[in-house]
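K.L.:
Submitted below is the structure of interest, expressed as structure tokens.
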């Protein structure tokens, strides 16, 4: 008896059919069939949660007295636009075939197919296949590694998706009704959409706007000098001593008289109090997760989160040029290294960039190759599909995104960068302290094909960060001269961009007020998911709660009013972060 494969989307169903040699069934749209397999697709969410008025017609009228609405039993319905797919799957399930669940390799993909099986009362044997690459060979490999769909990790993924979905339903629909009703009393006349993530994000943007408008700048001073030792000359920066007066809350010197007193001491004899020089390795940055790809594309290409998601999905589904894009991690399976030479060759054919690939060594294994870090999916990388024609059909922006993914992957097969990290502390007889840190690359390694990573970025005030410091010993005498004060002015925080807002969402513990909650969330993945964050931002824009000013976000007047209607429990990220933490815990129940 053949096995029934239920894919999440038609594109995946067709790719599986090609890989397994299953032809389209004649006169049966949406079905592939032979003696071994029958393949159908859900085409995404073919089932939808009941809306309030599906449970009771009285909920068609939005009234405060009906809130909160919370179903006693959760019900689903077939989407009007996808009844054909539902009918096809229902008919196939009635034949009693053993099932292979081929939803996407994440919690949402698990739920899409799982809901269909439950909805149609399926209780037969079900296996799970994880497809992360829509090219034939990887698909065939995936089908050689089928797992039990009832295994704890898959059922945990399902619970996680359901917990998030039901929680968002209860919170989002009730809050949206409540604040829209309240907003109408102020003659706003629009839907004030609310929810645990979108309201927290709105709160971040509104509060950032308040911080900018209420910001009062003040001057501060940086004191620098030139140190001369027997081995050479290097730049130093004055460091306030313990108990130093004239500093602001950030430790910056604001008292100009102190700055003048220090500068007037030049030249100043000093003694080396501490010197440290260590040779270090810097591994290539991990391959991209979706969040990292969105940040990088926002910064380098000016793309929005949604644009990056759409482009990556197209590169995956339509062109088969990259692996599954909705990944939360940048690690790779260790056995993937067996395919490295083929993937690098495909990159060479697709990009024509010999300077990248010719220097790569497929036998090298970076820290990205780590089975212990792998879940249902892995980092976003190019596939082994060499198709210059597919590349030629990409837009300039799509090609740029592919190139970024290819460059990051190729870097995994270059040696680590080697640098000398040096730091020195010198002190004068009158107690003035100067410091310098230096990083000198001796071997560029993977950096030869990239522009470095965020780890290389330094504070704009750290003028001596790339200084070459001569060898020193504690007790050596150093003469500091050319001491000067640089007057600067504090700047207001910058408005959020796609990259910085995404960074805030993924590092939400940094924005949580309660220190205990912040610690709990520190190891989490933030609020929202790789699949939903972009949509949440676009929803806020669509509902005119926030707006884009070039690359920057600001709250609209309506958005500020909406924010002010809501209590801090809704607009602070604490609750949203705890909610996300609880959905993570649902995996292990």
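In the numbering used here, the protein residues as written are 121 to 709.
Note that the Cβ used here is the ideal one computed from N, Cα and C, for glycine as well.
1) Residue 570 to residue 523, Cα distance in whole Å?
2) Go to residue 542, then tell me how far its alpha helix (DSSP H) extends in each direction, as first and last residue.
3) Can you tell me whether residue 260 is buried or exposed? The criterion is at least 16 other CB atoms within 10 Å of its CB, across all chains shown.
4) If I measure Cβ to Cβ from residue 406 and keep anything under 7 Å in the same chain, skipping five residues before and after, which residues do I get?
5) Starting from the Cα of residue 136, find the closest Cα among 704, 252, 299, 465 and give me that residue.
6) Using the beta-carbon count (16 or more within 10 Å), is residue 398 buried or exposed?
7) Are the beta-carbon atoms of residue 420 and residue 553 separated by less than 8 Å?
8) Beta-carbon separation of residue 268 and residue 497 under 8 Å?
9) Do the CB positions of residue 442 and residue 608 come within less than 8 Å of each other?
10) What does residue 299 pair with, by DSSP beta-bridge criteria?
11) Which runs of the alpha helix (DSSP H) spanning at least 4 residues fall entirely within the region 247 to 314, listed in chain order?
12) Suppose the cutoff is 7 Å on Cβ atoms and the five residues either side in sequence are ignored; what does the same chain contact list for residue 274 look like?
13) Can you give the Cα-Cα distance for residue 354 and residue 400, rounded to whole angstroms?
14) Spell out a yes or no on whether the region 537 to 548 and the region 390 to 397 are touching, meaning 3 or more CB-CB pairs, one atom from each, closer than 8 Å.
15) Go to residue 347, then tell me how far its beta strand (DSSP E) extends in each direction, as first and last residue.
16) Roughly how many angstroms lie between the CA atoms of residue 125 and residue 218, to the nearest whole one?
17) Need the endpoints of the beta strand (DSSP E) that residue 389 sits in, please.
18) Is it right to say residue 178 is buried, meaning 16 or more other beta carbons lie within 10 angstroms of its own, or is it exposed?
19) In its own chain, which residues sit with a C-beta less than 6 Å from the C-beta of residue 518, not counting the 5 before and 5 after it?
20) Should residue 667 and residue 681 be called a contact, given that it needs their Cβ atoms to be closer than 8 Å?
21) According to DSSP, simplified to helix, strand and coil, what is residue 455?
22) So what does DSSP say about residue 684, is it helix, strand or coil?
23) When DSSP builds the beta bridges, which residues end up paired with residue 197?
24) Distance check for residue 162 and residue 423, CA to CA, integer angstroms please.
25) Using DSSP bridges, identify the partner residues of residue 221.
26) Suppose the cutoff is 6 Å on Cβ atoms and the five residues either side in sequence are ignored; what does the same chain contact list for residue 153 look like?
27) Out of 540, 587, 127, 216, which one is the CA nearest neighbour of residue 564?
28) Could you tell me the alpha carbon to alpha carbon distance between residue 531 and residue 628, rounded to whole angstroms?
29) If you draw a straight line from the alpha carbon of residue 291 to that of residue 319, how long is it in whole angstroms?
30) On a CA-only basis, which of 262, 325, 403, 171 is nearest residue 139? Give me that one, please.
31) Give me, in chain order, the residues of the same chain whose beta-carbon lies closer than 7 Å to that of residue 168; leave out the 5 immediate sequence neighbours on both sides.
32) Going along the chain, which residues of its own chain have a beta-carbon closer than 7 Å to the beta-carbon of residue 412, five neighbours each way excluded?
33) Can you list, in chain order, the residues of its chain with a C-beta nearer than 6 Å to that of residue 696? Leave out the 5 residues immediately preceding and following it.
34) If you drop the 5 nearest sequence neighbours on each side, which residues of the same chain put their C-beta closer than 7 Å to that of residue 637?
35) If you draw a straight line from the alpha carbon of residue 606 to that of residue 390, how long is it in whole angstroms?
36) Taking the beta carbon of residue 458 as the centre, do at least 16 other beta carbons fall within 10 Å, making it buried, or is it exposed?
P.N.:
In short:
1) Along the chain shown, read from residue 1 onward, the residue named residue 570 stands at position 450. Along the chain shown, read from residue 1 onward, the residue named residue 523 stands at position 403. CA-CA distance, residue 570 to residue 523, rounds to 11 Å.
2) Residue numbering aside, residue 542 sits at position 422 when the chain shown is read from its first letter. Membership of residue 542 in any alpha helix (DSSP H) is not indicated; the residue belongs instead to the beta strand (DSSP E) covering 537 to 548.
3) Working through the chain shown from its first residue, we reach residue 260 at position 140. It counts as exposed.
4) On the chain shown, position 286 is the one that residue 406 refers to. Taken in chain order, the residues that qualify are 450, 451, 488, 499.
5) The residue labelled residue 136 in the question sits at position 16 within the chain shown. The candidate whose alpha carbon is nearest that of residue 136 is 252.
6) Reading the chain shown from its first residue, position 278 is the one you call residue 398. Taking every protein chain shown into account, the CB of residue 398 has fewer than 16 other CB atoms within 10 angstroms, so this residue is exposed.
7) Mapped onto the chain shown, residue 420 falls at position 300. Mapped onto the chain shown, residue 553 falls at position 433. No; because the gap between Cβ atoms is not below 8 Å, this pair is not in contact.
8) Counting from 1 along the chain shown, the entry for residue 268 is found at position 148. Counting from 1 along the chain shown, the entry for residue 497 is found at position 377. Pairing residue 268 with residue 497 gives a Cβ-Cβ distance that is not under 8 Å.
9) On the chain shown, residue 442 is found 322 positions in, with the first residue counted as 1. On the chain shown, residue 608 is found 488 positions in, with the first residue counted as 1. No. Outside cutoff.
10) Here residue 299 refers to the residue found at position 179 of the chain shown. Within the DSSP bridge table, the entry for residue 299 names no partner.
11) 256 to 263, 272 to 304, all fully within the region 247 to 314.
12) Locating residue 274 in the chain shown gives position 154, counting from the first residue. Here the set comprises 230, 248.
13) Here residue 354 refers to the residue found at position 234 of the chain shown. Here residue 400 refers to the residue found at position 280 of the chain shown. Rounded to the nearest angstrom, the two C-alpha atoms are 21 Å apart.
14) The region 537 to 548 vs the region 390 to 397: in contact.
15) By 1-based counting over the chain shown, the position of residue 347 is 227. Looking at the DSSP string, the run of the beta strand (DSSP E) that includes residue 347 is 339 to 349.
16) Along the chain shown, one-based indexing puts residue 125 at 5. Along the chain shown, one-based indexing puts residue 218 at 98. The straight-line gap separating the alpha-carbon atoms of residue 125 and residue 218 is approximately 9 Å.
17) On the chain shown, residue 389 is found 269 positions in, with the first residue counted as 1. Per DSSP, residue 389 belongs to the beta strand (DSSP E) from 388 to 402.
18) Here residue 178 refers to the residue found at position 58 when the chain shown is read from its first residue. An exposed status is given to residue 178, since fewer than 16 other beta-carbon atoms sit within 10 Å of its beta-carbon.
19) Numbered from its first residue, the chain shown carries residue 518 at position 398. Here residue 518 has 431 as same chain residues with Cβ atoms under 6 Å from its own Cβ, once five neighbours each way along the sequence are excluded.
20) As a working mapping, residue 667 is identified with position 547 in the chain shown. As a working mapping, residue 681 is identified with position 561 in the chain shown. No, the pair does not count as a contact, with Cβ atoms beyond the cut-off.
21) Taking the first residue of the chain shown as position 1, residue 455 is located at position 335. Three-state DSSP puts residue 455 in a helix.
22) Stepping through the chain shown from its first residue, residue 684 is reached at position 564. In this structure, residue 684 counts as helix in the three-state DSSP scheme.
23) Residue 197 sits at position 77 when you count from the first residue of the chain shown. The partner list for residue 197 (beta bridge, DSSP) reads 168.
24) Against the chain shown, residue 423 aligns to sequence position 303. Against the chain shown, residue 162 aligns to sequence position 42. When rounded, the distance between both Cα atoms is 30 Å.
25) In the chain shown, the residue the question calls residue 221 occupies position 101. Looking at the DSSP output, residue 221 bridges to 126, 248.
26) Position 33 of the chain shown, counted from the start, is the residue given in the question as residue 153. The beta carbon of residue 153 sits closer than 6 Å to the beta carbons of 145 from its chain, once the five residues preceding and following it are set aside; these are given in chain order.
27) Stepping through the chain shown from its first residue, residue 564 is reached at position 444. Each of 540, 587, 127, 216 was checked against the Cα of residue 564, and the nearest Cα belongs to 540.
28) Taking the chain shown and counting its residues from 1, the one referred to as residue 531 is at position 411. Taking the chain shown and counting its residues from 1, the one referred to as residue 628 is at position 508. A straight-line Cα-Cα distance of about 29 Å links residue 531 and residue 628.
29) The residue labelled residue 291 in the question sits at position 171 within the chain shown. The residue labelled residue 319 in the question sits at position 199 within the chain shown. Approximately 11 Å, taken between the alpha carbons.
30) Against the chain shown, residue 139 aligns to sequence position 19. Checked all of 262, 325, 403, 171; the closest Cα to residue 139 is 262.
31) By 1-based counting over the chain shown, the position of residue 168 is 48. Answer for residue 168: 196, 197, 199, listed in chain order.
32) Looking up residue 412 in the chain shown gives position 292. Excluding sequence neighbours, residue 412 sits near 450.
33) In the chain shown, residue 696 corresponds to position 576, counting from 1. Around residue 696: 316, 317, 320, 647.
34) Locating residue 637 in the chain shown gives position 517, where the first residue counts as 1. Taken in chain order, the residues that qualify are 694, 697, 698.
35) Locating residue 606 in the chain shown gives position 486, where the first residue counts as 1. Locating residue 390 in the chain shown gives position 270, where the first residue counts as 1. Approximately 21 Å between the Cα atoms of the pair.
36) Taking the first residue of the chain shown as 1, we reach residue 458 at position 338. Residue 458 counts as exposed, since fewer than 16 other C-beta atoms from the protein chains shown sit within 10 angstroms of its C-beta.
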